[in-house]
Structures are given as C-alpha cells and as structure tokens.
Amino acid sequence: MSAPSSAQPETDREIVVSRIIEGPRNLVFDAFTDVAHLNEWWGPKGGITTRSFEFRPGGVWDATIESPGGGGYPNYVVWKEIVKPERIVWLYGNAKDDPNAVETTLTLTDRGASTEATLRLVFGSKEQREQAAKYNAAAGAKQSLDRLAAAVTAH
Amino acid sequence: MAIYPLTQMARAATTSDAFNAVAEPQRRRILMLLKGRERPVNELARALRITQPRTSKHLRVLREVGLVRVREAGQQRLYTLDARGLQPVHEWVVGFEQFWNDNLDRLNDYVKKLQEDQSNVSTK
Numbered sequence: 008m009s010a011p012s013s014a015q016p017e018t019d020r021e022i023v024v025s026r027i028i029e030g031p032r033n034l035v036f037d038a039f040t041d042v043a044h045l046n047e048w049w050g051p052k053g054g055i056t057t058r059s060f061e062f063r064p065g066g067v068w069d070a071t072i073e074s075p076g077g078g079g080y081p082n083y084v085v086w087k088e089i090v091k092p093e094r095i096v097w098l099y100g101n102a103k104d105d106p107n108a109v110e111t112t113l114t115l116t117d118r119g120a121s122t123e124a125t126l127r128l129v130f131g132s133k134e135q136r137e138q139a140a141k142y143n144a145a146a147g148a149k150q151s152l153d154r155l156a157a158a159v160t161a162h
Numbered sequence: 015m016a017i018y019p020l021t022q023m024a025r026a027a028t029t030s031d032a033f034n035a036v037a038e039p040q041r042r043r044i045l046m047l048l049k050g051r052e053r054p055v056n057e058l059a060r061a062l063r064i065t066q067p068r069t070s071k072h073l074r075v076l077r078e079v080g081l082v083r084v085r086e087a088g089q090q091r092l093y094t095l096d097a098r099g100l101q102p103v104h105e106w107v108v109g110f111e112q113f114w115n116d117n118l119d120r121l122n123d124y125v126k127k128l129q130e131d132q133s134n135v136s137t138k
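Chains A and B are the protein sequences, given in the same order. In terms of the numbering used here, the first sequence opens at residue 8 and continues consecutively. In terms of the numbering used here, the second sequence opens at residue 15 and continues consecutively.
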C-alpha cells in the first residue's frame with residue numbers, strides 16, 4: 008500500500024499531496040511522458056480524448072477527460088520544466104492561457120524499489136491563492152475542532 | 015463525487031461567502047488565533063495590533079459566514095471557531111486533494127502493472 012509522507016506546504020498558498028509509488032523512479036517518470044501511459048491512470052475511468060500531446064518544455068497536452076456518466080472535462084496541460092527522472096513542472100487548466108491554471112510541481116525521490124512522489128500545487132489566480140491560504144489556515148483550525156468534537160462525543 | 019477540481023473550484027469561488035470572508039489576511043490571523051482556544055476581543059486586538067472596533071468588525075464578518083461563534087461569559091464575550099463555516103472551503107480543497115490522491119493511486123497500480131509485465135517478458 009502507498010503511504011502518505013510528511014511533506015508540508017512551504018507557504019500558505021500551496022497544497023501538497025505526497026505518496027509512495029511502488030516502483031522505480033524511471034518507471035514513474037515514464038508514466039508522465041506519453042499519452043499511452045497517461046491514458047492508463049490520469050483521471051477517473053471513462054477514457055481520455057487527446058487532441059494534441061507534446062512532452063517537452065513549452066509543449067501542450069490538450070485533452071478531454073471523459074466522464075463515466077457522460078460529458079467531459081477539459082484538460083489543458085502545459086509542460087513547463089522537465090528534468091528526467093526527478094522533476095516535472097506543469098500548468099494545469101481548462102484551456103489555453105487559463106488564468107486559473109494551477110502550477111503543479113512533481114518531485115520524484117528515489118527510494119530504491121519505490122519512489123516518493125510529491126505534488127506541490129501553487130494556485131494561479133489571486134482568488135485561488137486566497138482560497139488555498141484560507142484552507143491551510145483553516146486546516147489547522149479544523150484539526151483542533153475535530154479533536155474538540157471527538158472529546159465532546161466521548162463524554 | 016468530486017472528480018474534477020477546476021470545475022468545482024470555479025463554483026466554490028463564486029458561491030461561497032466564507033471564501034470572501036477569509037480573503038482578508040487579518041481575518042485569517044484571527045482564525046489562527048482562535049484555533050487553540052476561545053478569546054475575547056481585546057486579546058485578539060492586542061495580538062493583531064489593531065483597534066478593538068476594527069477587530070470587532072472582522073469578527074462580525076467571520077460570524078456572519080459561520081466561521082466564528084460568540085458566547086457571553088460574565089462581562090466578556092468570548093469568540094471561538096465554528097466548523098460549519100469551514101465546510102465549503104474544506105470541500106473545495108478536498109476536490110484537489112482527492113483528484114491527486116486518486117490519480118496517484120491509479121499511477122501506483124499502473125507502475126506495479128508495468129513491472130509485472132516487464133518481469134513476465136524477461137522470464138520468457
């Protein structure tokens with residue numbers, strides 16, 4: 008099973024998701040480099056329709072993630088930085104020049120037979136950054152509220 | 015089910031008052047101060063280095079969107095965090111976290127499958 012890591016956001020304007028992937032780093036990196044790979048895991052089951060894909064800095068992956076219930080979601084990725092096999096940075100939005108695109112940095116750390124994947128999401132628009140900041144402020148608050156709720160129910 | 019965070023986010027940003035309430039840094043600081051324990055206005059004002067009326071104004075905004083609650087304790091009014099107001103914000107972020115947690119689960123499965131395929135090929 009995968010396990011969460013202790014990665015924390017560096018600022019209050021980011022969200023960090025981290026996971027141990029059970030496979031060597033080269034293989035994890037490769038899973039991002041080709042549509043044939045991405046089709047197998049990116050997005051919910053339902054399939055991906057790709058209009059264009061170019062895995063190079065400045066290249067674009069323009070696609071629609073088909074929803075299992077019908078309809079689809081636009082998926083417009085601009086690859087910004089590619090450092091094989093340790094780092095990929097991309098902008099993730101709905102369309103070209105999406106002002107709400109989220110800058111996502113993937114860092115792959117070699118753990119021998121497995122790989123630690125850390126995703127750092129930095130929000131593009133001012134509103135998004137404020138929401139993320141609020142969330143991180145609220146997350147700490149929520150934890151103590153959860154503890155409080157647990158203490159209250161225990162009585 | 016929250017499967018596509020960008021769509022969900024756009025909705026949250028326009029409909030949720032809690033987001034606007036906390037766009038102001040001092041109000042975020044108030045929430046942080048209240049996360050440990052309840053506090054009266056004067057204590058919050060001192061910690062923020064702003065006037066009491068100004069602090070009260072922020073607290074009113076936070077109360078209106080259900081982020082803080084107040085109770086009377088003798089002469090004092092004590093403010094505390096309220097979980098209900100956090101819900102829309104929580105849901106918004108959960109959208110992103112869930113999207114990537116799900117994606118990383120599937121990536122993990124896929125990478126495992128690739129290794130099995132490779133070892134099958136090499137043993138043939």
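For glycine and all other residues, C-beta sits at the position ideal for the given N, C-alpha and C.
Just the C-alpha distance for residue i and residue j, rounded to the nearest angstrom, thanks.
i: A:V23; j: B:Q89; result: 44 angstroms
i: A:Y99; j: A:S25; result: 18 angstroms
i: B:N115; j: A:H44; result: 18 angstroms
i: B:N56; j: B:R83; result: 16 angstroms
i: A:P92; j: A:T122; result: 11 angstroms
i: B:H72; j: B:E111; result: 30 angstroms
i: A:V64; j: A:V96; result: At residue 64 of chain A the sequence reads Pro, which differs from the Val that was named. Approximately 9 angstroms between the Cα atoms of the pair.
i: B:T69; j: B:L76; result: 11 angstroms
i: B:D119; j: B:R85; result: 45 angstroms
i: A:L113; j: B:R43; result: 30 angstroms
i: A:V129; j: A:A108; result: 9 angstroms
i: A:A124; j: A:K52; result: 22 angstroms
i: B:D131; j: B:V125; result: 10 angstroms
i: A:T116; j: A:T71; result: 30 angstroms
i: A:W86; j: A:F62; result: 7 angstroms
i: B:T94; j: A:W49; result: 41 angstroms
i: A:P106; j: A:L126; result: 20 angstroms
i: B:E38; j: B:A59; result: 15 angstroms
i: B:D200; j: B:V135; result: Here chain B has residues from 15 to 138 only, and residue 200 of chain B is not among them.
i: A:I28; j: A:D69; result: 26 angstroms
i: B:K127; j: A:G119; result: 18 angstroms
i: B:K2; j: A:N33; result: With chain B represented from 15 up to 138, any question about residue 2 of chain B goes unanswered, as that position is not in the structure.
i: A:S74; j: B:M46; result: 39 angstroms
i: A:F36; j: A:K103; result: 25 angstroms
i: B:E78; j: B:R98; result: 12 angstroms
i: A:G78; j: A:T111; result: 25 angstroms
i: B:Q66; j: B:A87; result: 18 angstroms
i: A:E88; j: A:R94; result: 8 angstroms
i: A:P11; j: A:F60; result: With a pLDDT of 41 at A:P11, under the threshold of 50, the modelled position of that residue is not reliable, and the figure given next carries that caveat. If I take the Cα positions, the gap works out to 31 angstroms.
Since residue i is in the beta strand (DSSP E), which residue starts that stretch and which ends it?
i: A:F62; result: Unbroken run through A:F62: none, as it is neither H nor E.
i: A:E88; result: G79 to V90
i: A:G100; result: R94 to G100
i: A:L115; result: V109 to R118
i: A:D69; result: V67 to E73
i: A:L34; result: Premise fails: A:L34 lies in the alpha helix (DSSP H), R32 to D37, not in any beta strand (DSSP E).
i: A:V129; result: S121 to V129
i: B:L95; result: Q90 to L95
i: A:E29; result: Neither: A:E29 is in no beta strand (DSSP E) and is coded neither H nor E.
i: B:V82; result: V82 to A87
From which residue to which residue does the alpha helix (DSSP H) around residue i run?
i: B:P67; result: Q66 to E78
i: B:L62; result: V55 to L62
i: B:Q40; result: P39 to G50
i: A:E47; result: V42 to W48
Give me the chain A residues within the contact set of residue i, using Cβ-Cβ distance strictly less than 7 angstroms, ordered along the chain.
i: B:Y124; result: A38, E47 and W48
Residues of chain B with CB closer than 9 angstroms to the CB of residue i, please, in chain order.
i: A:A43; result: Within chain B, no residue comes near A:A43; the closest Cβ sits about 11 angstroms away, beyond 9 angstroms.
i: A:R26; result: W114, N115, L118, D119, L121 and N122
i: A:L34; result: V125, L128, Q129 and Q132
i: A:I22; result: V107, F110, E111 and W114
Of all the options the options, which has the alpha carbon lying nearest to the alpha carbon of residue i?
i: B:P54; options: B:L92, B:R120 and B:R63; result: B:L92
i: A:V42; options: A:T116, A:V67 and A:L115; result: A:V67
i: A:N46; options: A:N33, A:N82 and A:R118; result: A:N82
i: A:R58; options: A:D37, A:V84 and A:F36; result: A:V84
i: A:G30; options: B:Q66, B:A87, B:I64 and B:Q129; result: B:Q129
i: A:G76; options: A:F62, A:W49 and A:G54; result: A:G54
i: B:R51; options: B:K127, B:N122, B:D96 and B:F113; result: B:D96
i: A:Y80; options: A:I28, A:K103 and A:T56; result: A:T56
i: A:F39; options: B:K49, B:L121, B:F113 and B:N134; result: B:L121
i: B:V36; options: B:T65, B:F113, B:L81 and B:S133; result: B:L81
i: B:I64; options: B:Q40, B:R98, B:R74 and B:A87; result: B:Q40
List the residues of chain B that residue i touches, going by C-beta distances under 7 angstroms, in chain order.
i: A:L128; result: F110
Which chain B residues are close to residue i, counting only those with a beta carbon under 8 angstroms from its beta carbon?
i: A:E123; result: Neighbours of A:E123 on chain B: none; closest Cβ ~11 angstroms, over 8 angstroms.
i: A:G30; result: N122, V125, K126, L128 and Q129
Does the CB of residue i have a neighbour CB from chain E at under 9 angstroms?
i: A:V109; result: Judged by its chain identifiers, the structure shown contains no chain E, and its protein chains are A and B.
May I ask you to check if the CB of residue i is nearer than 8 angstroms to at least one heavy atom of the ligand FMN?
i: A:G119; result: In the structure on display, the ligand FMN does not appear, and there are no ligands present to speak of.
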